[in-house]
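Below you'll find the structure, written out as structure tokens, and then a few comments.
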Amino acid sequence: YTFIFTRFSSSNSTLGSCSLMFGIPSLAEKVRPFIDLVDDMRSIGIDKELPLPAIAVVGDQSSGKSSVLETLAGVALPRGTGIVTRCPLLLQLCNDKAVNWEAVISYGENVFDFDEPSEVVKHVEQAQNALTGKGVGICEDLITLKITSSTVCDLSLIDLPGIARVAVKGQPDDIGAQIKNLILKFIKNKITIILVVVPCNVDIPTTEALKMAQEVDPEGTRTLAILTKPDLIDPGAEKNVLEIVHNKVIILNMGYFIVKCRGQKNIDENMSITDAIEEELEFFQNHEHFRSLLREEKATTKCLATKLSNTLVNEIKKSLPQMSETIKERLGEVKHLLSQIEDRPPPLEPAEKRKYLIQVITDFNDQITQLSNGDIIVEENLFDLMRKEFTEWMKCLENAKSHYHEVVQQVVDEYDQKHRGSELPGFTNYRVFQHVVQKLVAELKRPAMTTLQTIRDMVQKQFDHLSRECFKNYPYLHRVSKRKNETIQEQQSNIVKERIVEQFEMEMQVYTQDEIFNKHSRMEGTAESSVHDTRSKYPELLKAYYEIVVQRLADQVPMLIGYFILKQSAKIVCSEMLDLLHRDDTDDILQEDSEIEQYRAKLQAQLDRLILANDKISSL
């Protein structure tokens, strides 16, 4: 059988009334491209990027859903008790007068071609078993069945598992909730047409399928209801069914259709689908109450096919501008994400790979050098952080003055009682005051070491940050550079510690040039030394000397730290990273992080999908 649309209005691209006859090629040319576009976009995975127009078929178990789909597809589908549809089934129907019958079923990485209609049930069941296992479980993975024939309409639908209320043997207790969640995942999409299948012989407004549709489409703007099993309604109930079909009970903008498909008795008697279509037409033609629905084009599966194709194509056309805009936006986003990582892996050719390694290490060394010179900022300005820490070191020196002055004055005041030796009264033992200066200056060694450790942590953190950024794709290089940085920082810290210790040991000499001392003495208000000096002038003289010590330490400690911890460390790191170029294991050195590799591959695949989808929309 063939569903053909006998009139087509170019003004609104609407498919006309239905009849059973051979097709008009120009009509298929106007309909098929839109359906193919969405099917192709779904096949390349664009439905992962944005919602696509679709028709989702929803119905309670035993609602007649399978019979409707069989009639549309022209082939038998899996049947049985309980849950028969255990995975979403995308049914793609393609009318082609040059093809007798052929089908392709695909799921996951599996694709099977076959040309025998009777094998559909076997292939669908095999696909469901492969995805969900043999049993009664369900799965969200999509099975695609594409049927091309001269006797099918141009249409695509997604068949969803029938709504279950009670778990049967072998099913999880929450199977009903699982199925509802799966259905809602599809029908909550605002551009999905909800095709609700409801038997005529039940209380239609209370059916679960219609309730679920109303939950996501309360205005009924994208729900189309199909009433099945009209031959099973009780005599006298026909008027109630007509009121529903005429949209007087539950209003749906897309309206209602009524169909009569093969029942179980017909199937047991081996009635063909072609015969069932003829019987359906006769049923409505001869029905006292429902024959009027034929004239209104609200009855038979043939008219339903026309309505569905019309609705789907119009929805696709309406959605195209937004789809195109969304795809372009995603293209920009993915290109940006790719630009944030190296968009291509290292070259495979050994010579090119070595050049690539040289460039990677050179880029890292350049940044380390710029960081050590203050030409770039990593997270925070390193020189500003160091300057603040060195200012704290200066404050430490300044804060020590009060204690220094206090102790010196105390020693002067108590000299005759505690420190006088064999010297005559009025004379002083210089060693006593020398020891005081040495002891107080030595106390500054600890904060100097603390300053060293703080600066080392700052520099090491920023070196590590550069390593992580420059070698984020290459875990081996990151590990090596991080390890070298730690080792070099430790070595340089030990050098600085030794130099600081040396500096303080030199300070134990209590020495400065006479001219420098005299200059500071005058600044403290003390005359140059003479035979008339007394111990009363000692505090000022020792204060003057402390100023000289502070000036030396205030600059010397930061200069030692800055030179060895930052400048020299950067040079050594660069030198040792260049040593990697002399090794032969370039492949191991440039081995990419598996997550980065997978992430790039994922982004690249996403980019390819979006480019292909954009091209398809542009060429329509």
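Under my numbering, the first residue of the sequence shown is numbered 12, with each subsequent residue one higher. Think of the CB as a built atom: it goes at the ideal place given N, C-alpha and C, for glycine as much as any other residue. Everything numeric in this text was worked out from a predicted model, so none of it was measured.
What residues are listed by DSSP as bridge partners for residue i?
i, result
"residue 170", "68 and 100"
"residue 124", "115"
"residue 285", "DSSP, once it has assigned bridges, lists no residue as partnering residue 285."
"residue 205", "67 and 234"
"residue 369", "Paired residue(s): none; residue 369 is not in a bridge."
"residue 160", "106 and 112"
"residue 11", "Because the chain in this structure spans residues 12 to 631, residue 11 falls outside the shown range and cannot be described."
"residue 210", "239"
"residue 391", "389"
"residue 155", "101 and 117"
If you check the beta carbons only, do residue i and residue j fall under 7 Å apart?
i, j, result
"residue 607", "residue 484", "yes"
"residue 492", "residue 478", "yes"
"residue 365", "residue 597", "yes"
"residue 75", "residue 220", "no"
"residue 198", "residue 67", "yes"
"residue 271", "residue 293", "no"
"residue 585", "residue 379", "yes"
"residue 100", "residue 154", "yes"
"residue 577", "residue 383", "yes"
"residue 5", "residue 164", "Residue numbering for the chain in the displayed model covers 12 to 631; residue 5 lies beyond these limits and cannot be assessed."
"residue 565", "residue 405", "yes"
"residue 507", "residue 575", "yes"
"residue 211", "residue 252", "yes"
"residue 82", "residue 312", "yes"
How many angstroms separate the CA atom of residue i from the CA atom of residue j?
i, j, result
"residue 301", "residue 269", "9 Å"
"residue 274", "residue 157", "25 Å"
"residue 417", "residue 450", "14 Å"
"residue 513", "residue 559", "17 Å"
"residue 372", "residue 363", "14 Å"
"residue 573", "residue 523", "25 Å"
"residue 635", "residue 304", "Outside the displayed span of the chain (12 to 631) sits residue 635, for which this structure offers no information."
"residue 320", "residue 236", "15 Å"
"residue 531", "residue 556", "7 Å"
"residue 62", "residue 200", "7 Å"
"residue 299", "residue 151", "44 Å"
"residue 145", "residue 193", "19 Å"
"residue 137", "residue 90", "14 Å"
"residue 622", "residue 46", "19 Å"
"residue 190", "residue 213", "21 Å"
"residue 619", "residue 338", "12 Å"
"residue 486", "residue 468", "22 Å"
"residue 4", "residue 58", "Beyond the ends of the chain as shown, which are 12 and 631, falls residue 4; an answer cannot be given."
"residue 267", "residue 97", "27 Å"
"residue 36", "residue 259", "The pLDDT assigned to residue 36 is 43, lower than 50, so where the model puts this residue is not dependable; a value taken from the coordinates is nonetheless given after this. Cα-Cα distance, rounded: 38 Å."
"residue 250", "residue 256", "10 Å"
"residue 482", "residue 488", "6 Å"
"residue 84", "residue 208", "16 Å"
"residue 614", "residue 244", "55 Å"
"residue 297", "residue 48", "41 Å"
"residue 56", "residue 610", "17 Å"
What's the call for residue i, buried or exposed, on a 16-neighbour Cβ count within 10 Å?
i, result
"residue 129", "exposed"
"residue 80", "buried"
"residue 624", "buried"
"residue 231", "buried"
"residue 223", "buried"
"residue 124", "exposed"
"residue 281", "exposed"
"residue 631", "exposed"
"residue 78", "buried"
"residue 106", "buried"
"residue 108", "exposed"
"residue 264", "exposed"
"residue 497", "exposed"
"residue 352", "exposed"
"residue 385", "exposed"
"residue 520", "exposed"
"residue 32", "For residue 32, the predicted structure reports a pLDDT of 31, less than 50, and the residue's modelled location is therefore unreliable. A value from the coordinates is still provided. It is exposed - the Cβ of residue 32 has fewer than 16 other Cβ atoms within 10 Å."
"residue 542", "Residue placement at residue 542 is flagged as unreliable, the pLDDT there being 39, under the threshold of 50; a coordinate-derived value is accordingly withheld."
"residue 332", "exposed"
"residue 518", "buried"
"residue 262", "exposed"
"residue 173", "buried"
Using 6 Å as the cut-off, classify the Cβ of residue i as near or not near the heavy atoms of the ligand ADP, replying yes or no.
i, result
"residue 126", "As far as ligands go, the structure on display features none, and thus does not contain the ligand ADP."
If you measure from the beta carbon of residue i to each beta carbon in chain D, is any gap under 7 Å?
i, result
"residue 383", "Of the protein chains in this structure there is only one, and it is not chain D."
* Complete alpha helix (DSSP H) runs within the stretch 335-365 (minimum length 4 residues, chain order) -> none
* Report the residue ranges of all alpha helix (DSSP H) runs contained in full by the stretch 470-520; include only those spanning at least 4 residues, in chain order. => 486-518
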